[in-house]
Amino acid sequence: MHTACFVDGAFVPARSGRTFAVRNPATDAEVAQVADGWLDDARAAVEAAARAFPAWKSIAAIERARHLRRLAELMHRDAERLADLCSQECGKPLAEARTEVAYAASFLEWYAEEGKRVYGETIPASDQAKRLLVLRRPCGVAAAITPWNFPIAMVTRKMGPALAAGCTQVVKPAEQTPLSALAIAALAAEAGLPAGVLNVVPGLDAASISDAFFDTLHVRHVSFTGSTEVGRILLRRSAEQVVRVSLELGGHAPFIVFDDADLDAAVAGAMASKFRNAGQTCVCANRFLVQRGIHDAFVERFTAAVAALKVGDGRADGTQVGPLIDDAGLRKAEAHVADALARGARATTGGTRARVEGCTDRFMRPTVLTGVTPAMTCFREETFGPVAPVCAFDSEGDALRLANDTPYGLAAYVFTKDGARIVRMSEELQYGIVGINDALPATAQAPFGGVKHSGLGREGGRQGIEEYLDLRYVSWRVG
Ligand code: NAP
48 MHTACFVDGA
58 FVPARSGRTF
68 AVRNPATDAE
78 VAQVADGWLD
88 DARAAVEAAA
98 RAFPAWKSIA
108 AIERARHLRR
118 LAELMHRDAE
128 RLADLCSQEC
138 GKPLAEARTE
148 VAYAASFLEW
158 YAEEGKRVYG
168 ETIPASDQAK
178 RLLVLRRPCG
188 VAAAITPWNF
198 PIAMVTRKMG
208 PALAAGCTQV
218 VKPAEQTPLS
228 ALAIAALAAE
238 AGLPAGVLNV
248 VPGLDAASIS
258 DAFFDTLHVR
268 HVSFTGSTEV
278 GRILLRRSAE
288 QVVRVSLELG
298 GHAPFIVFDD
308 ADLDAAVAGA
318 MASKFRNAGQ
328 TCVCANRFLV
338 QRGIHDAFVE
348 RFTAAVAALK
358 VGDGRADGTQ
368 VGPLIDDAGL
378 RKAEAHVADA
388 LARGARATTG
398 GTRARVEGCT
408 DRFMRPTVLT
418 GVTPAMTCFR
428 EETFGPVAPV
438 CAFDSEGDAL
448 RLANDTPYGL
458 AAYVFTKDGA
468 RIVRMSEELQ
478 YGIVGINDAL
488 PATAQAPFGG
498 VKHSGLGREG
508 GRQGIEEYLD
518 LRYVSWRVG
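All you need for the numbering used here is the position in the sequence shown, starting with 1, plus 47.
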């Protein structure tokens, strides 16, 4: 297991010599002591990335693609080990962690190909003595700040496009889950990635590490996935060096079920969307808006499926819902449930902590709340826990109004068979991602990101690589 900072192609201790404990949220067992990087470690990483940039941007895209593909192959080879590490760090069930490894590798595989298609343009000039060209050039060193809920995939979703574009990168992983990022760094070294192209600086003081991203002209792009609150801080800081930022922030996804929906598909979609990673995903359904005619049948089937979920240590056989990441996460989910119950909602299942033999008390019984209204906290704030609030509505207009009544705009889901309604909802929902009869829309080929307080920029798809490219206009007098 790698536990040191990865700088300039080598694992090195933090300059301060300090380390911090990474603990399994299910058991509180110490997984490892990890280097506690700080400003000077991050500056060294930025300098290494800046030194590596001229050579990396100059090699053929097809060569960069080989490195990325090789790294993806090594991730598949070591999938079981990576999944186990991921589950230990963030508590998610092993089956989900395995899916995350494959999803993470898919960003490297997809951008290995997309990097070959960074085409330029020629523009017909009005002066026949000139040729006008548009080049797309890698912007420089890219910095990435990643969250704990997808410790592997959030790294590669930023790394794939950055490295394919010809940028070099410094990654600052979440303090709860640095080991997965360091494991990727070790595989990148094995894949033959040149020193300095990828650097990873873990640490407890995220603000000091990110200072190194904003006090230099080398870093030309900062990509962040995490809370809206921290996103705002980074957006303000980006003004200092006029650096580009991509922000993948919080969400508050409505999951809308119309009377004409396929009930089986809607319930299966609700389960997949809500309870992945114990409800700790930015795109997970936060509010179930269910039309009155199908409401009772949906609640009955959904409640039965939720009550049957197996809660436990992510590494134990058959576990479907693991622990919350920490005590604060548990308290927040509990507070949302208590607020809803106090204001008249009813728990048809769950609502309390779950006892898991030999584990911490950080587990919550998967919960369905009915009779939820917009006055309740869970209707307005991201719960980030296994809590499914259900609210009945009458008309399509009501559903749209309720769904759009939030500052967030990451993902929304609609279950219906009506084609004209599908068009209207796709166009009128104020969200970056709309899943139509599809609860799991995220994929490497498509642009992922939000509007309003859910963020700026896109990751994935051909759009994702644009974030790392500068346009250069060349005016060439030929005669
Ligand atoms: P967070 O507190 O914002 O942390 C995310 C990352 O930012 C971590 O690496 C954290 O480091 C770092 N950070 C914290 N304060 C910072 C500062 N002042 N300057 C620079 N970096 C700082 O978010 P979280 O609680 O880990 O993640 C949950 C949130 O992420 C949710 O709101 C969720 O919706 C969102 N999310 C969004 C997406 C998306 O694609 N839109 C995907 C996943 C999660 P430390 O760990 O060291 O504090």
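The C-beta atom is built at its ideal place from N, Cα and C for all residues, glycine as well. None of the values given here were measured: they were computed from a predicted structure.
On the three-state DSSP scale, how would you describe residue i?
| i | result |
| --- | --- |
| Q510 | helix |
| G162 | helix |
| H268 | strand |
| Y478 | coil |
| P225 | helix |
| M122 | helix |
| F431 | coil |
| P370 | coil |
| M318 | helix |
| R471 | helix |
| T414 | strand |
| V277 | helix |
| W195 | coil |
| C186 | coil |
| E168 | strand |
| A57 | strand |
| A385 | helix |
| K464 | coil |
| A439 | strand |
| K379 | helix |
| C52 | strand |
| V498 | strand |
| F302 | strand |
For residue i, count neighbouring C-beta atoms within 10 Å of its own C-beta (all shown protein chains included) and say buried if the count is 16 or more, exposed if not.
| i | result |
| --- | --- |
| Q367 | buried |
| G391 | exposed |
| Q529 | In this structure the chain extends from 48 to 526, so residue 529 is not present and cannot be described. |
| H123 | exposed |
| Q135 | buried |
| A385 | exposed |
| A51 | buried |
| Y460 | buried |
| K139 | buried |
| Q216 | buried |
| K219 | buried |
| E77 | exposed |
| K48 | The sequence given here has Met at residue 48, not Lys. Exposed is the call here. |
| A375 | exposed |
| Y166 | exposed |
| Q327 | buried |
| A486 | buried |
| G243 | buried |
| K177 | exposed |
| W195 | buried |
| T453 | buried |
Counting only beta-carbon separations shorter than 8 Å, does residue i have a partner in chain D?
| i | result |
| --- | --- |
| V218 | The chain inventory of the structure shown lacks chain D, comprising one protein chain alone. |
For residue i, collect the residues of the same chain with a Cβ closer than 7 Å to its Cβ; drop the 5 residues on either side in sequence, then sort them by chain order.
| i | result |
| --- | --- |
| Y527 | Given that the chain is displayed from residue 48 to residue 526, the structure contains no residue 527 and the question cannot be resolved. |
| I341 | V304, D306, A308, L310 |
| A238 | H114, R117, L118, L121 |
| L414 | Here residue 414 is Thr; the residue named in the question, Leu, does not match the sequence. Hits under 7 Å: V384, A394, T396, G397, G398, P433, V434, A435. |
| V59 | A51, C52 |
| D252 | W85 |
Since I believe residue j is in contact with residue i (beta carbons under 8 Å), could you give me their beta-carbon distance rounded to a whole number of angstroms?
| i | j | result |
| --- | --- | --- |
| R183 | L518 | 6 Å |
| A102 | P241 | 7 Å |
| S227 | L132 | 6 Å |
| H500 | T263 | Actually they are not in contact, since the Cβ atoms of H500 and T263 sit about 28 Å apart, beyond 8 Å. |
| I109 | K163 | 6 Å |
| I199 | L129 | 6 Å |
| A221 | T193 | 6 Å |
| V314 | F345 | 7 Å |
Please list, in chain order, all residues of the same chain as residue i whose beta carbon is under 6 Å from its beta carbon, the five residues on each side excluded.
| i | result |
| --- | --- |
| Y520 | V181 |
| T203 | A151, F154, L155 |
| G365 | K357 |
| R284 | F261 |
| T350 | T395, T396, V415 |
| L86 | S255, D258, A259 |
| I480 | A458, P488 |
| P494 | R505, G507, G508, Q510 |
| V248 | C52, G84, D88, A89, A92, K219, I256 |
| G482 | Y460, P488 |
Which same chain residues end up closer than 8 Å to residue i when comparing Cβ atoms and leaving out the 5 residues on each side of it in sequence?
| i | result |
| --- | --- |
| L503 | L282, V292, S293, L294, G496 |
| D75 | T407 |
| A332 | A300, P301, F302, A317, S320, K321, A435, Y460, A486 |
Exercise. Would you list, in sequence order, the uninterrupted beta strand (DSSP E) runs of no fewer than 3 residues that lie entirely inside the segment 66 to 125?
Key: Those beta strand (DSSP E) runs which fall completely within the segment 66 to 125 and span 3+ residues are 66 to 70, 77 to 82.
Quiz item: Going along the chain, which unbroken runs of the alpha helix (DSSP H) with 4 or more residues stay wholly within the segment 328 to 355?
Solution: Counting whole runs of 4 or more residues, the segment 328 to 355 contains the alpha helix (DSSP H) stretches 339 to 354.
Quiz prompt | Complete alpha helix (DSSP H) runs within the segment 197 to 258 (minimum length 4 residues, chain order) | solution = Contiguous alpha helix (DSSP H) elements confined to the segment 197 to 258 occur at 200 to 212, 225 to 237, taking only those with 4 or more residues.
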